[in-house]
Every structure is written in structure tokens, then in C-alpha cells.
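Numbering (the UniProt record's numbering), first residue to last: 1 to 145.
Here you go:
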């Protein structure tokens with residue numbers, strides 16, 4: 001599920017440089033970087049710490065080589081970082097529980113009786129029992145034999 005989350009860089013204070021998807025199809029931790037050499041930079045370093053004066057703040061050579069083809073994100077100190085959800089259709093939408101639910105839920109067949117059972121002034125307990133009855137799922141003596 002985490003592979004569906006992408007970050008738009010704002011101030012860079014909530015994005016982990018190595019672990020979050022802020023560039024491309026995957027996080028930098030998944031690029032071909034040997035762990036021993038990567039350990040020269042803290043595993044929990046934030047995006048804003050890696051950018052200085054609009055350039056990569058790279059004191060370690062292997063990071064310079066890794067970042068040569070990656071454009072430097074512009075840090076906006078007045079804007080927070082934004083989590084985006086990448087849908088099954090590969091579209092980016094603002095990350096909310098609703099956007100994730102709408103993307104992952106399976107569309108079922110619309111039934112004619114749904115508005116009869118579920119309506120704004122319904123008593124949920126009654127609606128649930130009616131729903132069970134319509135679907136022949138009530139636990140009655142008739143079903144026990």
C-alpha cells in the first residue's frame with residue numbers, strides 16, 4: 001500500500017530523503033546503493049537537510065553520483081509537504097482516507113432495495129436486521145435444520 005503514496009515537496013520537513021517516494025516510481029532506498037556506503041548519511045535524514053541554496057547538499061561522493069539525474073526539488077518554506085495517493089489508474093490525488101477507500105473498494109452491483117433499507121432517518125440496528133432478512137441470513141430455527 002505504501003507504494004501508492006507519493007509526496008509533493010513543500011518545506012521538506014516531513015519527507016524522509018531515503019524512504020519516501022518524492023521522486024520517480026520508488027524511494028531512493030530501493031535504488032542500487034550499497035548499504036555500507038549509504039550509512040554515511042543518516043537513515044532518517046529529511047529532505048530539507050539535503051538541499052542547500054537550491055542545490056543538493058552532497059558531501060559524500062556516491063550520493064553526488066546517485067543524484068546527478070534527479071532534479072533538485074524547490075523548497076517552499078511557507079508550504080507544507082503534501083501526501084498524494086497514486087490510484088490504480090496512475091493518477092495522483094490528494095491523500096485522504098476517502099480517496100484510498102474509493103480507489104480500493106470493489107464496485108458491487110446496485111440493488112433495488114438499498115434505499116428502502118438505508119436512508120437518512122433509519123435506525124441502524126433495524127436496517128441491519130432488515131438487510132440480513134432480505135439476504136436470507138437471519139439466524140432462525142428455520143435455518144438450523
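Note that the Cβ used here is the ideal one computed from N, Cα and C, for glycine as well.
Item, Value
"Cα-Cα separation between residue 148 and residue 98, rounded to whole angstroms", "Given a span of 1 to 145 for the chain in the structure shown, any question on residue 148 remains unanswerable."
"Minimum length 4: unbroken alpha helix (DSSP H) runs contained in the stretch 41-117", "61-67, 97-104, 114-117"
"Own chain partners of residue 73 with C-beta closer than 8 Å, once the 5 adjacent residues on each side are dropped", "9, 12, 22, 23, 47, 51"
"Which listed residue (120, 111, 88) has its alpha carbon closest to that of residue 105", "88"
"Distance CB(residue 86)-CB(residue 6) smaller than 8 Å", "yes"
"Residue 128, DSSP secondary structure in three states", "helix"
"Exposure label - residue 139; buried when at least 16 CB within 10 Å", "exposed"
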